[in-house]
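Q:
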Amino acid sequence: MENEHNKLQENESSVSKASIQAVSSKSDGVFSESMKIIEPGKNCWRVERANRAAYLIDSKAYFAAFEQAVKSAKHSLIIVGWDIDSRIQLLRGNSIEKHSVLGDLLKQVAKEKPTLNVKILIWDYALIKLMEREFWPDFKLEGAENPRLQLRWDSNHPMAASHHQKVVVIDDWLAFCGGIDLSKWRWDTQGHLANDERRTDPMGNSYTPYHDVQMMVEGDIAAALGDLVRERWLRATGEALTAPPKSQLPWPERVPFQFEGIRFAISRSEPEFQERMEVREVEQLYLDAIRKAKRYIYLENQYSTSYSIGSALVNRLEEESGPEIILVTHTESDGWLEKNTMDVLRGRWIKRLQDADQYNRFRVYYPHLPGHQLQNMTVHSKLMVVDDYFMRVGSANLCNRSMGLDTECDLALEDEGDSSTRKGIVQFRNQLIGEHSGMSADEIGELIEANQSLLKTIDGLQENERSLKPLDASFPDWWDRQVPHSNVVDPEKGVDSQWFRDQLIPKSNKQSAVWISLRFILTIAILLAMAAAWRWTPLNQFTNMEIVQDSLQEMKGVSWLPVAMFAGFVLSACVGIPVTVMVAIMAIIFGPLVAFCLSYGATITSSSISFWLGNVLGKEFIEKYAGSRVRNVSQKVARQGVLFIALLRLLPIAPFTIVNTVGGASHVRFRDFFLGTVIGSVPGTVAVTFFVDQLAMAANDPKLIHFAIASAIGLAFIGFSWFFKNWVNKRQRHAGRSRLEG
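As numbered in my numbering, residues 354 to 1095 make up the sequence shown, in order.
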């Protein structure tokens, strides 16, 4: 296995002669305008020249190149990402390499270079990914001693959207763009070795093998990416950054480049938001590339659910002489939610293509890795190769949200008559297939030349110890029926904050009831999914009721436990852990009555503390880290006072901690905030406490009465919510008529 790993690594720095020869004779010839895919203004934002460019397969190569490039920075280093973790080690496990921790590296260069400004901008994920990410990385990276090192959170997007670009720009001369974040659970080698001791997160825990690709570019294309990230910084922070002085940095000596003197296109996805128009260049470039393909479409992607992309591929499969289409992905997503939503949508998407594949030209593969318990790795790459003259690498998944809801950035290039560009594209494709098949790019090139088919080549390697295996992405019909339409699970449009404010108190009572019912159904679905996770994952060792009961009895015997749990609840709520989770824990430990009293008191206490904190920090500080979301909520809080706070407590659409701190930073009076919290927290606390208590009783003694009581509690909560929202709605209409009459 180690020899195989070394063999793959040796091929990273060489261009394969056999791969070059494997350029199909059917696509030889002079480049013509009819083959052209890239069109500025249609499927890309800008096209700029790169002096040199390299594809970096897997994070070992990317992290090493990044570390070298950062040390050469003079004036500007801008990192834009979905996530960042200052604790990750960039260089690992080689005696000749010093271990380099990302946070230490950034602080070091900012300290040693007085002309260097380091800006880091990541998605403001709020509480969604709290348990998976580094806690407060800004406090660890920033400090008075490094005023030129700043980390900011970007919330300048519609509700439910995310900033998904992964771009690094250094002095507008070197840049990285692709699918890899500077985060944990990313580092791996092309060998993807089983039990690799180097593949651990900052806590020392091992994780699944991980495959991804990043591009490195030099020259004008880097300056264009600099314009892109500075625009994002301005939107997120309100601060305009100036372009750095022109300076030519050295190309990292350990990074081989495959392209020289070529033009790259930058394609983006951006949602419509505030005054900005929607941008769908990523989607259009996919559609145009699929339409122009002659022989092969090779795709690697984490998700594949996009309706528009699926339709374009179906059209090509229905053609008698259309291209072969190969998708490489993983067997299943990492999280239980993604497994039971996005993977189901992927199964539907794949079946749609398989039904259209009457000429047997479509395959879906996953990389089979010997020695791994699950024989699986995470395929996080987002790339495409069309024939031997077009390739793209970026952040965009083949899902609806990447086409229109999330911000994305892809780099693409095409052969414009330069044979060396075509050779580099062929080399890229063959090296990827070779990595997944345990072979060199040379060997893959020879097989493609002999077979004149990617499908025949890959199918002929099924007996290899390491290979691409056909993926069965189907789900049982009964489970497929439980997952909503892709527009719900994987939307391509966001909910604008202005619309959200207008819809907090709906005009239609009927719509209100439907919305509340849908929320309740979704909550039940999530609880069932969580129950499944506890039943069929290693968590099931904690579901032995005798063990749980014994543990609870021991806990109940501790005299100071209620005080400790009360304090823990308050602290957890202040730092952003969902209040509902803490109420449920209280119910399991203390029973409904005691749990209600403790939870209710802790909710009031924690909300008051957060309100005070927001008041102390002030509006400017809160907006600095939470952006327009805070401004929008703040206006509504200040106008509506008691009723609005009560409504948010009753139907917690906005996160608990955000509402509290925004309330303190706004002009709302504490009296109104306190009364709204006291009123609005009662129904939810009662419902969750008694609902969880009945579920716990049902788990211990599965009788119909317990399920019936739990259902009755849920229905009662829905009814009360419906009544309260209608009452508020009537009060607002009455107030409006009074103002008009006056």
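Even for Gly, the Cβ is constructed at its ideal location relative to N, Cα and C.
#1: For the candidate residues V717, A826, W832, whose alpha-carbon lies nearest to that of S820?
#2: Just the C-alpha distance for I643 and S674, rounded to the nearest angstrom, thanks.
#3: Which same chain residues, not among the five before or five after K846, have their C-beta less than 7 Å away from its C-beta?
#4: Per DSSP, Y408 is paired with what?
#5: According to DSSP, what are the bridge partners of S559?
#6: Alpha carbon to alpha carbon, how far is L1028 from M827? Give it in angstroms, no decimals.
#7: Report yes if the C-beta distance between G770 and N783 is below 7 Å; otherwise report no.
#8: Which residue or residues does DSSP assign as beta-bridge partners of H683?
#9: Within 10 Å of its beta-carbon, does D830 have 16 or more other beta-carbons around it, so buried, or fewer, so exposed?
#10: Put A826 into one of helix, strand or coil per three-state DSSP.
#11: Would you give the residue range spanned by the alpha helix (DSSP H) that K472 belongs to?
#12: When you compare the stretch 518 to 527 with the stretch 418 to 426, are there three or more beta-carbon pairs, one atom per stretch, that lie closer than 8 Å?
#13: Is it a yes or a no for the stretch 675 to 686 touching the stretch 653 to 661, going by three-plus beta-carbon pairs under 8 Å?
#14: So what's Y649 in DSSP terms, helix, strand or just coil?
#15: Got a sec? Which residues, its chain only, sit under 6 Å from L594 by beta carbon, not counting five neighbours each side?
#16: Within 10 Å of its beta-carbon, does G557 have 16 or more other beta-carbons around it, so buried, or fewer, so exposed?
#17: Distance, Cα to Cα, S959 vs N509?
#18: Under three-state DSSP, which class holds F1036?
#19: Could you give the residue range of the alpha helix (DSSP H) that holds Q461?
#20: Counting Cβ pairs closer than 8 Å, one from the stretch 704 to 722 and one from the stretch 739 to 747, do we hit at least three?
#21: Considering only DSSP beta bridges, list what Y719 is partnered with.
#22: Rounding to the nearest angstrom, what Cα-Cα distance links G777 and M935 in this structure?
#23: Below 7 Å CB to CB, which residues in the same chain sit around V738 once its five sequence neighbours on both sides are set aside?
#24: Near G456, which residues of its chain fall below 7 Å by C-beta distance, leaving aside the five closest residues on each side in sequence?
#25: I think L504 touches I473, with their Cβ atoms under 8 Å apart; what is that distance to the nearest whole Å?
#26: Apply the 10 Å Cβ neighbour rule to M792 and answer buried if 16 or more other Cβ atoms are within range, or exposed otherwise.
#27: Give the DSSP-derived three-state secondary structure of S429 in the structure shown.
#28: Straight-line CA distance for V1103 to I533?
#29: What distance in whole Å lies between the Cβ atoms of D411 and D565, which are believed to be in contact at a cut-off of 8 Å?
#30: Give me the DSSP bridge partner(s) of F612.
#31: Which first and last residues belong to the alpha helix (DSSP H) in which A765 is found?
#32: If you run the structure through DSSP and keep just helix, strand and coil, what is R621?
#33: For G531, count the other beta carbons within 10 Å of its own beta carbon; 16 or more makes it buried, fewer makes it exposed. Which is it?
#34: Pick helix, strand or coil for D573, following the three-state DSSP scheme.
#35: Between the stretch 398 to 415 and the stretch 565 to 579, can you find at least three pairs of beta-carbon atoms closer than 8 Å?
#36: Rounding to the nearest angstrom, what Cα-Cα distance links I619 and V608 in this structure?
A: From the atom records:
#1: Closest option to S820, Cα to Cα, is V717.
#2: Whole-angstrom Cα-Cα distance: 14 Å.
#3: Excluding positions up to five away in sequence, the list reads G757, L758.
#4: Its beta-bridge partners are M568.
#5: According to DSSP, which records beta bridges pairwise, S559 is partnered with T553.
#6: Just to set this straight, residue 827 is Ser in the shown sequence, not Met. Approximately 51 Å between the Cα atoms of the pair.
#7: Not in contact: G770 and N783 (Cβ atoms no closer than 7 Å).
#8: The bridge partners DSSP lists for H683 come to none.
#9: Classification for D830: exposed.
#10: Note: A826 maps to coil in three-state DSSP.
#11: Counting along the chain, K472 falls outside any alpha helix (DSSP H), though it belongs to the beta strand (DSSP E) covering 470 to 476.
#12: Under the three-pair Cβ rule at 8 Å, the stretch 518 to 527 counts as touching the stretch 418 to 426.
#13: They touch, by the three-pair rule.
#14: If DSSP states are grouped into helix, strand and coil, Y649 belongs with the strands.
#15: Leaving aside the five residues that flank L594 on each side, the residues in its chain whose CB is nearer than 6 Å to its CB run, in chain order, R583, W586.
#16: Counting of Cβ neighbours within 10 angstroms places G557 among the exposed residues, the total staying below 16.
#17: Here the alpha carbon of S959 sits roughly 27 Å from the alpha carbon of N509.
#18: One point to set straight first is that residue 1036 is Pro, not Phe, in the sequence displayed. Under the three-state reduction of DSSP, P1036 is assigned to helix.
#19: Boundaries of the alpha helix (DSSP H) around Q461: 455 to 465.
#20: Remark: fewer than three beta-carbon pairs, one from each stretch, lie closer than 8 Å, so the stretch 704 to 722 and the stretch 739 to 747 are not flagged as touching.
#21: Beta-bridge pairing links Y719 to K822.
#22: Going by the C-alpha atoms only, they are around 55 Å apart.
#23: So the qualifying residues of the chain are Y651, M744, I778, F781, R782.
#24: The answer, listed in chain order, is S439, R440, K493, L494.
#25: Yes, they are in contact, since the Cβ atoms of L504 and I473 sit about 4 Å apart, within 8 Å.
#26: M792 comes out buried.
#27: Of the three classes helix, strand and coil, the one that applies to S429 here is strand, per DSSP.
#28: Residue 1103 falls outside the range modelled here, since the chain spans only 354 to 1095, and no answer is possible.
#29: With 8 Å as the limit, D565 and D411 qualify as a contact, their Cβ atoms being about 6 Å apart.
#30: In DSSP, F612 forms a bridge with A406.
#31: Note, A765: premise wrong, no alpha helix (DSSP H); beta strand (DSSP E) at 761 to 767.
#32: R621 falls in the strand class under three-state DSSP.
#33: Counting other Cβ atoms within 10 Å of its Cβ, G531 reaches 16 or more and is therefore classed as buried.
#34: Looking at D573 - three-state DSSP - the assignment turns out to be helix.
#35: Yes, they touch.
#36: Those two C-alpha atoms are separated by around 22 Å.
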